[in-house]
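S.K.: Questions regarding the structure given below will be posed in turn.
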Amino acid sequence: MSENTKTQNPKVELTMKKALIGFLLPLATVLSLVISGVDIMIAMLAAIMVVAIFALVVGYKWEQVEQAVIEGGKSVLGAVMIMIMVGMLIGIWMSSGSVPSMLYYGLKLINPMLFLPITLIICVITSLATGTSWGTAGTMGVALIGVASGLGIPLPLVCGCILSGAVIGDKLSPLSETTLLASASSGTKLFDHIVSMLYTTVPLFLISFIAYGVLGAQYAQSNIDLENVNVLINGLESGFNINPLMLIPPVVVIVLSIKRVPSLAAFGIGILFSVIWAVIFQDTTFKEVLSVAINGYVSKTGVESLDNLLTRGGAMSMAYVMFTAMMAGMFSGVLRHLNILSTIMERVMKYVHTSKALIGTTLGAGLALMLGGGGQYTTLTLPGAAFREAYDDLDVHSSVLSRSMEDVGTMIDCIIPWTVSGVFYSGVFGVPVLEYLPFAFLSLLSPFMALFNAYFGFGVYYKNDQVKYRPFWRRSKHTPENSAKTVS
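As structure tokens, then:
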């Protein structure tokens, strides 16, 4: 849209009542349709239509609505490109023997009593190293689900454990887009932001580690099918060249990510290595591997459960996820660009006078944005702009704002069925969001831990504090009263 068009079609000033209608109507549309069994993509399309009609009624021009939809679609193009690369990578890692080798060594070495805690740690390390929860879920997550299938552990429980580890790493990794986005939008130094997040993340990790250990041990004592494990091992041995060298392509991707190579480039190089590995070690042709990259891998080990697990991947397998992501992006664009969300936030801030209330309001706004379909990027940017001055006014350090944004925006994105991440993880794992949701402990508990910290003052830094991680049981020594700036 040109500057002249923007001048001719300025944003419409909305009353609080109108803004709430513009927010709640599409939210109710999505919720009612999804609950009644309508496909999430159709529900999102309906919500976009509802918001568009609302915008026209309150005085926006069609050109403005159209531009908002287009800008929203553009905002998820990077995510769509990553989806394509992840789909290709999954298929080629199957064909090259990388994922089958992970499954094989996992079945050989993992103790059923410790499987879930080990899964949590593996996913944390992978996501920290790569800066992507999506890549962690689509690669290590897929392999670990295969191991869990052999051990007889329920897949929803394993998915919850995988995502708990993946989102922790994504949240804390300096390579992660969410980490960079939250710190930038709140005006916080990157490592101040990361250190501040330890106050909510470390306790949740310990709680989840213990919980998964108890659940894993309890389940392992009664339902492990060792015969099924041996069948899977034999199937892997007969269908693939199993070798430690097959783990090199995933290691290449991890190393490149640690070296701060952009995700798309790292995945591209990983795909190249995997293609070479498939041709050299798995007795397949270059043409066949390229077909796998587009259409996915079809396993023919003769073991039905194993073939069902390994038959996956390819760019085309991500088509549904990509279309749904575009719908979510367009919906988010309408909410952002048509003054609906900013109007609501401005009114809410008139009733916030303490750091506890401010943090709670930030968390509540983030939850509303996520549940309302605003999307992760909206939740990690808009509150930064909306609440930044309020944190300054109350003398609260900006790292508390950035942490609160991630405690919701990064952590709960994976457990909401109509978000891009919810659709992505469900598609990669083959497990509906509502089935793994009860076991995604870190995501479920994150907002409550953030509120707990706010109430008791744990990690609530003030403007002149040095941001460093103290033992969890020690409160921050600074208070608004002894801070450099006193709030009347």
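Residue 54 in my numbering sits at position 54 of the sequence shown, and the numbers go up by one each step.
From the three backbone atoms N, C-alpha and C, an ideal C-beta is built for every residue, glycine too.
Examine the Cβ distances between the region 392 to 409 and the region 105 to 119 and report whether three or more of them are shorter than 8 Å.
M.R.: Segments in contact, no.
S.K.: What residue does the alpha helix (DSSP H) around residue 361 start on, and which one ends it?
M.R.: It spans 355 to 371 - the alpha helix (DSSP H) in which residue 361 sits, taken as one unbroken run.
S.K.: Spatial neighbours of residue 204 within its chain, please: CB distance less than 6 Å, with the 5 preceding and 5 following residues excluded, ordered by chain position.
M.R.: So the qualifying residues of the chain are 442, 445 and 449.
S.K.: Whose C-beta lies closer than 8 Å to the C-beta of residue 218 among residues of the same chain, with five residues either side of it excluded?
M.R.: So no residue of the chain qualifies.
S.K.: With a cut-off of 8 Å, do at least 3 Cβ pairs link the region 16 to 26 to the region 339 to 358?
M.R.: Touching, yes.
S.K.: Would you check whether the ligand ZN has a heavy atom nearer than 7 Å to the C-beta of residue 197?
M.R.: This structure lacks the ligand ZN; in fact it carries no ligand of any kind.
S.K.: The alpha helix (DSSP H) that contains residue 407, what's its start and end?
M.R.: Residues 398 to 409.
S.K.: Give the straight-line distance between the Cα atoms of residue 37 and residue 30, rounded to the nearest whole angstrom.
M.R.: Near 11 Å, if we compare the C-alpha coordinates of residue 30 and residue 37.
S.K.: Where residue 363 and residue 460 are concerned, what is the direct C-alpha to C-alpha distance, given to the nearest angstrom?
M.R.: Taking the straight line from one Cα to the other gives about 14 Å.
S.K.: With the cut-off set at 8 Å, would you say residue 168 and residue 119 are in Cβ contact?
M.R.: Result no, Cβ atoms of residue 168 and residue 119 do not sit closer than 8 Å.
S.K.: Assuming residue 208 contacts residue 164 under a Cβ cut-off of 8 Å, what Cβ separation, rounded to an integer in Å, is found between them?
M.R.: That belief holds up - the Cβ atoms of residue 208 and residue 164 are roughly 5 Å apart, short of 8 Å.
S.K.: Measuring CB atoms only, is the region 66 to 79 touching the region 322 to 332, in the sense that at least three cross pairs come out at less than 8 Å?
M.R.: Yes: at least three Cβ pairs fall under 8 Å.
S.K.: Residue 425 by DSSP, collapsed to three states: which one?
M.R.: Residue state, collapsed to three classes: helix.
S.K.: Enumerate in chain order the residues of its own chain whose CB-to-CB distance from residue 369 is below 6 Å, with the five nearest sequence positions on each side excluded.
M.R.: So the list reads 378 and 379, once near-sequence residues are dropped.
S.K.: Buried or exposed for residue 286, going by 16 or more other Cβ atoms inside 10 Å?
M.R.: Exposed: under 16 other Cβ atoms inside 10 Å.
S.K.: Excluding five sequence neighbours on each side, which residues of the same chain lie with their C-beta closer than 7 Å to the C-beta of residue 81?
M.R.: Cβ neighbours of residue 81 beyond the five flanking positions: 264.
S.K.: What is the DSSP secondary structure of residue 297, reduced to helix, strand or coil?
M.R.: Residue state, collapsed to three classes: strand.
S.K.: So for residue 547, helix, strand or coil by DSSP?
M.R.: Only positions 1 to 488 of the chain appear in this structure, which leaves residue 547 out of reach.
S.K.: Report buried or exposed for residue 28, applying the criterion of at least 16 other Cβ atoms within 10 angstroms of its Cβ.
M.R.: Flag for residue 28 reads exposed.
S.K.: Would you call the region 275 to 283 in contact with the region 301 to 319, where contact means no fewer than 3 C-beta pairs closer than 8 Å?
M.R.: The region 275 to 283, when compared against the region 301 to 319, does not touch it at the 8 Å Cβ threshold.
S.K.: The alpha helix (DSSP H) spanning residue 453 covers which residue range?
M.R.: Taken as a continuous stretch (DSSP letters only), the alpha helix (DSSP H) holding residue 453 covers 441 to 456.
S.K.: Assuming contact is defined by CB atoms lying nearer than 8 Å, are residue 293 and residue 92 in contact in what I supplied?
M.R.: Against a cut-off of 8 Å, the Cβ pair of residue 92 and residue 293 comes out as a contact.
S.K.: Please name the residue, chosen from 387, 424, 423 and 427, that lies closest to residue 186 on a Cα-to-Cα basis.
M.R.: Per the Cα distances, 387.
S.K.: Given a threshold of 16 other Cβ atoms within 10 Å of its Cβ, counted over all protein chains shown, does residue 32 qualify as buried or as exposed?
M.R.: That one is exposed.
S.K.: Let me check one thing: in DSSP terms, what residues is residue 312 bridge-paired to?
M.R.: Bridge partners of residue 312: 297.
S.K.: Helix, strand or coil: which one does DSSP assign to residue 240?
M.R.: Here residue 240 sits in coil by DSSP.
S.K.: Does DSSP put residue 61 in a helix, in a strand, or in coil?
M.R.: In this structure, residue 61 counts as coil in the three-state DSSP scheme.
S.K.: To the nearest angstrom, how far is the alpha carbon of residue 489 from that of residue 137?
M.R.: Only positions 1 to 488 of the chain appear in this structure, which leaves residue 489 out of reach.
S.K.: Measure from the alpha carbon of residue 148 to the alpha carbon of each residue in 176, 116 and 410, then state which is nearest.
M.R.: Considering only alpha carbons, the answer is 116.
S.K.: Do you know whose CA, among 324, 160 and 390, lies nearest residue 462's CA?
M.R.: That would be 390, whose Cα lies nearest to the Cα of residue 462.
S.K.: For the candidate residues 356, 334 and 351, whose alpha-carbon lies nearest to that of residue 67?
M.R.: Comparing Cα-Cα distances from residue 67 to each of 356, 334 and 351, the minimum goes to 334.
S.K.: Which residue marks the beginning of the alpha helix (DSSP H) containing residue 350, and which one marks its end?
M.R.: Neither: residue 350 is in no alpha helix (DSSP H) and is coded neither H nor E.
S.K.: Tell me, to the nearest whole angstrom, how far the beta carbon of residue 310 is from that of residue 94; I am working on the premise that it is less than 8 Å.
M.R.: With a Cβ gap of about 5 Å, residue 310 and residue 94 count as contacting.
S.K.: Helix, strand or coil for residue 10 per DSSP?
M.R.: Reduced to three states, the DSSP call for residue 10 is coil.
S.K.: So, residue 250 versus residue 139, is the Cβ gap smaller than 8 Å?
M.R.: Cβ distance < 8 Å, so residue 250 and residue 139 count as in contact.
S.K.: Can you say whether residue 238 is buried or exposed, counting buried as having 16 or more other CB atoms within 10 angstroms of its CB?
M.R.: Exposed, since its Cβ has fewer than 16 Cβ neighbours within 10 Å.
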